[in-house]
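Residue numbers (our numbering): 57 to 1054. Backbone N, C-alpha and C define an ideal beta-carbon position, used for all residues, glycine too. Some notes on the structure that comes next.
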């Protein structure tokens, strides 16, 4: 076979090492060139920004200096000249200020104000609302300097303007404020002059007032931009630093320059995207050329390696023929020697040297065959009469070697006059024959040791061989020459013949059994049969082994009893019950009778188990089983399904359904009376009851599982009715259960589908009419039934545990809404209240889940309120308080919902980290109709005030209710008077209307 092996690794490694070295050099040069080009692009951009900013700073300084000088001269303009009185001087100054403003490129108008904001000149000037803090800082300067306000709307032009101010002396010697109104657009044009660089951002900022002017226009500095002092500290000698741009927040080269006014800084930024635009084109070109060179190197290397590999393979093929011959010789299990026509050894294999190690010297010296035979037979190879060259005679010969081995030699002539000698060591074969004899003896000894009965049978069942080392319960004597029917009972003979037929067809049969009754007792035997190999044309023979399995069958019967009966009470279990139930249905068909199935569940059994321990519960179950067995008629069945559940099957009832119901009712009442009698337990006398569900079984009854389910449903209704009662199954019960199961299934599907649950928000309003928050209420948008209120599905969600994922979804949606509102100045104050069920709150990971939701959504915990119900205080109060405190520690607030309607404990109320209680709508609806309820409401409000708790009144629907609550100190209300639960868009619209109204 042609070899496809790869060439030597050293050759491939050398070729690829050379190629890799060249690639590394090319790659290094490319990286160096790319880095140099990038640095050059960045340096060019720095120079460009520096040149632009130097010119812009000069222009800004020139204009700011002009404005400063203009304002400094306004105090002199107000002084009377000659015989002018103050009014005339003021008129003249006003005309001069108008003229100066018209001739200024920046200033729109000039005014002189007093520190209190009143206008000095011009007389008809509009007051400029300077903030008290700004005025105080301006007037507090030790040396008057130019100061500017932040951008503001001009009351005259409604344009964005800056007010440049300076302290001047009024004619009466009092300090005044000279003010120049400069449009932001004018300053923007000044900054934009010369900023023809694409993507350039220019800002004029005040350290005290923030952003003054920007190109392109923006209202504020981009989020994430560093403060000016921080940037100036990080800048290089030319004031340039790489940071986020001031307007767009992009990575950029940013240059800062102070103006003559130390409070005002000019910045110019060029995004790195723009800086490196030209560099990327050059970089891509270099990368392309580099990749092309690398591919060329790899291609040349691969071609060279291919050529070298072809040469190497051709050399291997030249050696292949010899290698194949050597492999064939070495793989032979016999020794091989090839002689030339002169009788000399020319080739041999390894096996020959292994058989005759003493001939190795003759082989290596290429001596004649006679010398080799002398070596094989143990004679000296130096004997003179064996040195003549001759070929041995062809044929087969057996050699007995001195070491006891036997070797058969086959000598065959070759076409060229030589000879092939094959040596086969037959010592192993002889040992194998000896082992067979020994094995047969061992097999006989093994058969003698086996307790099984072994028969050799013909196809007609006649025994031709028999072996049984020990006496057996089979007791058949010597069956040789007799048929199976003569030595065994009929059933046993039939089973053995069936096993033989199966073995005849399949070659093997096992697993069939028969029972043998004898004076010593009953015994069971298992049959194993196999077809014996016989000569062609001979009759079939079979080896049959009969094994005594009496002990195993006894154990199996005991296991079957455990499989069909309850281990504790000895009553039939569910498996046996289903078997008898099917038999009862079949009997009803034959006899045209009815039966009844009663499902019993002991009332309060868990309470007894928890209080007295499991041993007491087991004693009770045993005594209940005994009492039920005493009530059973012949043919009736009582079974235990597990726990405290029992099932009674009553058969032979009337075919008339009404009569059968009366019979079942009478039997059920007897069961209730019997189990209602006191039961003596080890530590007490127990008085118990049970709940019974019953259903009739007719010929047309449903499946076994459905019958059990019907009785179980009826028992559940009996338990719901208070226990110690019997209820018959009705179709409405199944309908209710099916509807509940369907609702549960649809709830699970809604959770997976997403988009079916909605949140509505009912506003919470102060008595002044201001919305301070909302309660989150869930709705289910069913794809077929439309919008479903929570009352229709929350109970099912609670019972099935689905309330936890539903509640977690509502919590996450509410937190997302809080995070969205946090960026809105008109809504960031709002809080949201989310209802949390007791089952959801008691989950071990509830607090961790809430923290994860807050982290995931980014919501402010202080804006979230969790509404709990008083049912949380039924048990595990310490754990409830611990969870509440852990969540309150991160800012979450708690509200007690429906306060006053459930289990209340003021001692627990004092320990809970509550922020708010909610007066239930039941109490609010009684205001104005029931004085006692009004007194309760007053008490609740007063108690909350004393506990420093906020009060929210739910269900406020009338103005009279609201007035009563206001008079008694309730400050927050919720109800239809203020708004129904509504989508968030409607709530936000209401907030916008409220803002306009205020």
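If you look at residue 66, you'll find it in the alpha helix (DSSP H) that goes 65-128. Under the Cβ criterion (8 Å, minimum of three pairs), the stretch 682-693 does not count as touching the stretch 773-782. Taking 8 Å as the upper bound for CB-CB distance, residue 316 and residue 161 are not in contact here, some 17 Å apart. Per the coordinates, the alpha-carbon of residue 774 lies some 16 Å from the alpha-carbon of residue 704.
Boundaries of the alpha helix (DSSP H) around residue 665: 661-668. Here residue 736 is exposed, its C-beta having fewer than 16 other C-beta atoms within 10 Å.
Judged by DSSP secondary structure, residue 905 falls within the alpha helix (DSSP H) whose first and last residues are 902-913.
When the Cα atoms are used, residue 203 and residue 87 turn out to be separated by approximately 52 Å. Excluding its 5 nearest sequence neighbours in each direction, residue 854 has C-beta neighbours in its own chain below 8 Å: 893, 895, listed in chain order.
When secondary structure is reduced to three states using DSSP, residue 838 falls in the strand class. A check of alpha carbon separations from residue 296 across 324, 281, 283, 279 identifies 324 as the nearest.
Taking the Cα positions, residue 816 is about 12 Å away from residue 843.
In the DSSP assignment, residue 788 falls within the alpha helix (DSSP H) that extends over 787-809. Nearest Cα to residue 351 within the set 826, 72, 519: 72.
The alpha helix (DSSP H) runs lying completely inside the stretch 207-291 and spanning 4 residues or more are 240-248, 284-290, given in chain order. Put simply, of 826, 887, 717 the residue whose alpha carbon is nearest the alpha carbon of residue 874 is 887. The three-state reading of DSSP puts residue 948 in coil, since its state is none of H, G, I, E or B. Counting other Cβ atoms within 10 Å of its Cβ, residue 311 reaches 16 or more and is therefore classed as buried.
With respect to the 9 Å criterion, residue 993 and residue 982 are classified as neighbours on the basis of their beta carbons.
By the CB criterion at 9 Å, residue 564 and residue 650 fall outside the cutoff.
Assignment of residue 388 by DSSP, reduced to helix, strand and coil, places it in the coil class.
Per DSSP, the unbroken alpha helix (DSSP H) holding residue 541 starts and ends at 540-543. The three-state reading of DSSP puts residue 323 in strand, counting E and B together. Using a 10 angstroms sphere on the CB of residue 926, the tally of other CB atoms reaches 16 or more, which defines it as buried. Looking at the DSSP output, residue 747 shares a beta bridge with 657.
Between the C-alpha atoms of residue 93 and residue 335 there is a straight-line separation of about 6 Å.
Pairwise C-beta distances place the stretch 913-923 in contact with the stretch 861-881, as three or more of them are shorter than 8 Å. Going by C-alpha positions, residue 1022 is about 7 Å away from residue 823.
The three-state secondary structure of residue 159, taken from DSSP, is helix. For the beta strand (DSSP E) assignment, the uninterrupted runs of no fewer than 3 residues enclosed by the stretch 454-484 are, from N- to C-terminal side, 462-469, 475-481. In summary, residue 479 is buried, with 16 or more beta-carbon neighbours lying within 10 Å of its beta-carbon over all protein chains present. Shown here, residue 1034 sits in coil according to DSSP, grouped into three states, outside any helix or strand. Looking from the CA of residue 464, the closest CA among 1005, 470, 400, 477 belongs to 477. In this structure, the beta-carbon distance from residue 807 to residue 867 does not fall below 9 Å. In this structure residue 991 is exposed. Its beta-carbon is surrounded by fewer than 16 other beta-carbon atoms within 10 angstroms. Boundaries of the alpha helix (DSSP H) harbouring residue 874: 859-877, taken from the DSSP string.
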